[in-house]
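See structure below.
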Amino acid sequence: MSFNVDKYFDNLQNNDGLVLSYKGTITSGVINDILEKVEQKLEISEESTKVRKKIYNVLVEGLQNLYHHIEEQHDEILRKYNDKFGIFAIQRNEDGYTITLGNFVDKEQKDFLTEKIDQINLMSVEELKDLYKYILDHQKMSAKGGGGLGLVDIARKTNNKLEYEFFSFVDNWYFYKLNIFVSL
């Protein structure tokens, strides 16, 4: 049985503290709309400027990652979802905010992300800073963006471990969920 993305998203929307959520085609226009709405909601919530900036910066990086790394999809996925399908949610809890991002990935991407995130999660704050500087100085920009900076930058800015899960969908395709915690 394949993972039910719609049910998962519905459950996300029913959580207390939901600030904003989106399910559908990820475009640059959608990203701009999400960022604008989150910024407005954070201003209304009267969070400190420091927390608002951190959430906004992490959200920009996370949404850009989502946008740039959505690959060509399996036919079974395309029957139900758009080509650039993804989900997003931001929730407030007593300790901070959780940003949830999700999209479909193939087995190769799953393996790559698992290795990369596990490696990032083992690093200290200082090691993350050093890796970030190294990538900036030595990596060429890829066609998709920053040469591998995205997840490193998110972990560096939040000073929290990245939480991820893969849910089997169809024929070596998975739904990838990333939770990013931004502490108050």
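Here the numbering used here is used: position 106 in the sequence shown is 121, and no number is missing along the way.
Quick reminder that beta carbons are idealized off the backbone N, C-alpha and C, glycines included.
Which listed residue (Ser139, Leu35 and Ile85) has its alpha carbon closest to that of Asp48: The residue labelled residue 48 in the question sits at position 33 within the sequence shown. Nearest C-alpha to Asp48: Leu35.
Sub-7 Å separation of Phe190 and Val20 beta-carbons: The residue labelled residue 190 in the question sits at position 175 within the sequence shown. The residue labelled residue 20 in the question sits at position 5 within the sequence shown. It is a contact, given that the beta carbons lie within the stated cut-off.
Residue(s) in a DSSP beta bridge with Val140: Here residue 140 is taken as the residue at index 125 of the sequence shown, counted from 1. Answer is none; Val140 lacks a bridge partner.
DSSP three-state assignment for Gln106, whether helix, strand or coil: Working through the sequence shown from its first residue, we reach residue 106 at position 91. The three-state secondary structure of Gln106, taken from DSSP, is strand.
DSSP bridge partner residues for Lys192 (one or two, in chain order): Residue mapping note: residue 192 aligns to position 177 of the sequence shown, counting from 1. DSSP output for Lys192 lists Gly117 and Glu180 as bridge partner(s).
Buried versus exposed, by CB contacts within 10 Å (16 or more), Val197: For the purposes of this step, residue 197 is taken as the residue at position 182 of the sequence shown. By the neighbour-count rule (16 or more Cβ atoms within 10 Å), Val197 is buried.
Between the CA atoms of Lys192 and Phe181 - distance to the nearest angstrom: As a first step, residue 181 must be located in the sequence shown, where it is residue number 166. As a first step, residue 192 must be located in the sequence shown, where it is residue number 177. One C-alpha to the other measures close to 6 Å.
Three-way DSSP call (helix, strand, coil) for Tyr96 in this model: Start at 1 with the first residue of the sequence shown, and residue 96 comes out as number 81. Residue state, collapsed to three classes: coil.
Local Cβ density within 10 Å of Gln106, reported as buried at 16 or more and exposed below that: Indexing the sequence shown from 1 puts residue 106 at position 91. Counting every other CB atom within 10 Å of its CB across the protein chains shown gives Gln106 a total of 16 or more, marking it as buried.
Those residues which DSSP pairs with Tyr37 across a bridge: Locating residue 37 in the sequence shown gives position 22, where the first residue counts as 1. Partner(s): Phe103.
Segment contact flag, the region 126–134 with the region 25–45, C-beta cutoff 8 Å, min 3 pairs: Contact annotation: the region 126–134 does not touch the region 25–45, with fewer than three C-beta pairs closer than 8 Å.
Pair within 7 Å by beta-carbon distance, Phe184 and Phe18: Walking along the sequence shown from the start, residue 184 turns up at place 169. Walking along the sequence shown from the start, residue 18 turns up at place 3. When the beta-carbon positions are compared, Phe184 and Phe18 come within less than 7 Å of each other.
Meets three-Cβ-pair contact criterion under 8 Å: the region 51–58 and the region 79–96: Contact fails: fewer than three Cβ-Cβ distances are below 8 Å.
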